[in-house]
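Participant:
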Amino acid sequence: MSSPELTVTLTKAGRTKIRYPAALVVDTGDRISVRAPWAADGVRDFGFVRFEPGDVFTEHFWRTRWYAVKEVRTGEGVLKGWYCDVTRPAVVQDGEILVEDLDLDLWVSADGSAVLRLDEDEFAASGLAETDPAAAAEAVRALDALAAQAHAPGGLTPLLT
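Numbering (my numbering), first residue to last: 115 to 275.
1. By the three-class DSSP mapping on this structure, what secondary structure does D155 have?
2. The ligand ADP and F160: does any heavy atom of the ligand fall closer than 6 Å to the residue's C-beta?
3. Can you give the Cα-Cα distance for A266 and G161, rounded to whole angstroms?
4. Does R149 come out as helix, strand or coil in the three-state DSSP assignment?
5. According to DSSP, simplified to helix, strand and coil, what is S227?
6. Which two residues bound the contiguous beta strand (DSSP E) that contains A182?
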């Protein structure tokens, strides 16, 4: 029996950034986890990691937390690391996971040696601090919490169990 399929829709600044099918792994009522192949076209080389066709993402979204954590593995199962998006809490309805990207991101390498805060310039330029200061404060708190967890014993793994 196969896992139920959901659609993940990631928006940014009111526009759909990406939409893709994913298989449900678990729904705890707060955290919903799905698995999906790399959904973008071709290779995306960030310098610190390459996402490419064949990669598999196990993605964890929360209905009460301001982030999503995506475990990234090669098609052969080798862990590349974790890509964390700072987002508004996920909304799950009618077979769809709706997530609003708030620009801030964190990359954690598989061995934990690299914890990189990303896109802080995009976040500052987004104007969120002016248009929705409460959401901007939540976003900064979420990035700080993810970075602290990444440096703690066990890294991000305790968030995902």
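Heads up, the beta-carbon is just placed ideally off N, CA and C, and yes, glycines get one too. A quick note: this is a predicted structure, and the numbers were derived from the prediction, not measured.
Facilitator: On the basis of the data shown:
1. Mapped onto the sequence shown, residue 155 falls at position 41. Residue state for D155 is assigned as coil, using DSSP reduced to three classes.
2. Absence of the ligand ADP is noted for the structure shown, with no ligands found whatsoever.
3. If you number the sequence shown from 1, residue 266 lands on position 152. If you number the sequence shown from 1, residue 161 lands on position 47. If I take the Cα positions, the gap works out to 25 Å.
4. Numbered from its first residue, the sequence shown carries residue 149 at position 35. Of the three classes helix, strand and coil, the one that applies to R149 here is strand, per DSSP.
5. Within the sequence shown, numbered from 1, the residue matching residue 227 stands at position 113. Coil, per DSSP.
6. As a working mapping, residue 182 is identified with position 68 in the sequence shown. Residues 181-187.
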